[in-house]
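**Q** Once you know that position 61 of the sequence shown is 61 in the UniProt record's numbering, the rest is easy, because the numbers rise by one and skip nothing. Quick reminder that beta carbons are idealized off the backbone N, C-alpha and C, glycines included. Below you will find the structure I want to go over with you.
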Amino acid sequence: MAAELFLTFAMQETLTRVSSIAAEGIRLAWGLKGELRKLDESLTMIQAVLQEAARRPVTDKPVNLLLEKLQDVAYNAEDVLDDFAYEILPWTDRQSPHQKL
């Protein structure tokens, strides 16, 4: 009887911890969703600036350096998005196996 009570209590504690972890994951995901949207909007703007700069001759060395740095930032941001997608993909596959065909 005491062993069963202990196991029941242990299971309740485990379920509480799992629920807490899941809730935190949901909160993080919603927060990340907004941040990822902002990052995507920033990347879109950076790409527009770089495309416009590519169409015009830029002879000012500081402007060229700035554009190169901006391109580096864009590449780094794309890498972050790719890494995030790579890390989140297995998690989403585990969460919804019925969607696989």
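#1: Assign Pro62 to one of three DSSP states: helix, strand, or coil.
#2: Measure the CB-CB distance between Leu70 and Ile46 and report whether it falls below 8 Å.
#3: Between the C-alpha atoms of Arg56 and Tyr75, what's the straight-line distance to the nearest angstrom?
#4: If we ignore side chains and look at the alpha-carbon of each, how far apart do Leu67 and Leu50 end up?
#5: To the nearest whole angstrom, what separates the beta carbons of Glu78 and Leu43, a pair I think is in contact under 8 Å?
#6: How big is the Cα-Cα spacing for residue 110 and Ser20?
#7: Are the CB atoms of Asn64 and Val58 nearer to each other than 8 Å?
**A** With the structure as the only source:
#1: In the structure shown, Pro62 sits in a helix (DSSP, three-state: H, G or I).
#2: Remark: C-beta atoms of Leu70 and Ile46 approach each other more closely than 8 Å.
#3: Annotation: Arg56 to Tyr75 spans about 21 Å, alpha carbon to alpha carbon.
#4: When only Cα atoms are considered, Leu67 and Leu50 end up about 7 Å apart.
#5: A Cβ-Cβ separation of about 7 Å places Glu78 in contact with Leu43 under the 8 Å criterion.
#6: Past the boundaries of the shown model lies residue 110; the chain is included only from 1 to 101, so the question cannot be answered.
#7: Yes, the pair counts as a contact, with Cβ atoms nearer than the cut-off.
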